[in-house]
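Its first residue numbered -7, the first sequence is counted upward by one per residue in my numbering. Glycine included, every Cβ here is placed at the ideal spot set by N, Cα and C. Quantities reported herein were computed from a predicted structural model and do not represent experimental measurements.
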Amino acid sequence: MKLSRPFYEQSTIDVAKQLLGKFLIHRHADATLVGRIVETEAYLGPHDLACHAAKGRTKRTDVMFGAAGHAYVYFIYGFYNMLNLVTEAKDYPAAVLIRAVEPVRGIEQMKQNRKNELLHHLASGPGKLCQAFAIDRSLNGADVCGKVLYLEDQGGSMPKFDATPRIGVDYAAQWKDKPLRFVVRDSKFVSQR
DNA sequence: CAAGAGATCATCT
DNA sequence: GATGATCTCTTGA
């Protein structure tokens, strides 16, 4: 069952937790790429110093201020794209970063995209995931309740997970230690280093 | 195995 | 002109 807009309109932390175990699907060219989400991070809004929107509304963060259920894709370090899902109400800038998935379908295509044969190196990090799933800034602002890029609940209970501080946000003062990163317990497909 | 550097660019000051 | 929600490779022990 495809996740619809109201799912993304919930509180960002709830969305981040509930996304664990859901399936990310990208219908791209000939291939359908599918992965099971095993790691997410919540970026809570304008007061969260680790959230890009803490610096205000700019061209880059504009999508986060829009309606829930859209993709916020941005480019960083000159190399990598990051995939986020916009949450909460319109004009409230919050999002969930998808950090890692377990490859399920389209694995051959992912290996080609990544130029890497090892299953647990295909999408075990936000930059790798976008490479494997052929996600770039052309998808920024895309509706994830549509037909190209979307998420599915395929049943089953929510996996057991741990909450830890977010990665790479040491600059965020008192926000850097908040347990807003959620990882599926015992998954081999979470981000590595 | 851990640590460090380099790659490379959109965005903001 | 600086910097970052990263990854890979190289180095050294």
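>> For residue 135 and residue 62, what's the separation of their Cα atoms in angstroms?
In response: 4 Å
>> Can you list, in chain order, the residues of its chain with a C-beta nearer than 7 Å to that of residue 28? Leave out the 5 residues immediately preceding and following it.
In response: 13, 15, 93, 94, 96
>> Within a Cβ cutoff of 8 Å, which residues of the same chain sit near residue 4, ignoring the five residues on either side of it in sequence?
In response: 34, 35, 36, 37, 79, 80, 86, 87, 88
> So what does residue 4 bridge to, in DSSP terms?
Replying inline: Answer by DSSP bridge pairing: none, since residue 4 is not bridged.
> Which of the three DSSP states, helix, strand or coil, is assigned to residue 74?
Replying inline: strand
> Just the Cα atoms here: how many angstroms apart are residue 155 and residue 145?
Replying inline: 21 Å
> Comparing alpha-carbon positions, which option in 102, 57, 40 lies nearest residue 162?
Replying inline: 40
> What first and last residue would you give for the alpha helix (DSSP H) that runs through residue 98?
Replying inline: That residue, residue 98, is in no alpha helix (DSSP H); it is neither H nor E in DSSP.
> Taking contact to mean at least 3 C-beta pairs separated by less than 8 Å, is the region 125 to 142 in contact with the region 65 to 72?
Replying inline: yes
> Three-state secondary structure (DSSP) at residue 42?
Replying inline: coil
> Just curious, the alpha helix (DSSP H) that residue 119 is in, first and last residue?
Replying inline: 118 to 124
>> Taking DSSP's pairing of strands, which residues face residue 181 in a bridge?
In response: DSSP lists no partner for residue 181.
> Which residue's Cα is closest to the Cα of residue 60: 117, 166, 11, 0?
Replying inline: 0
>> Please tell me whether residue 98 and residue 143 are closer than 8 Å, where the distance is taken between their beta carbons.
In response: no
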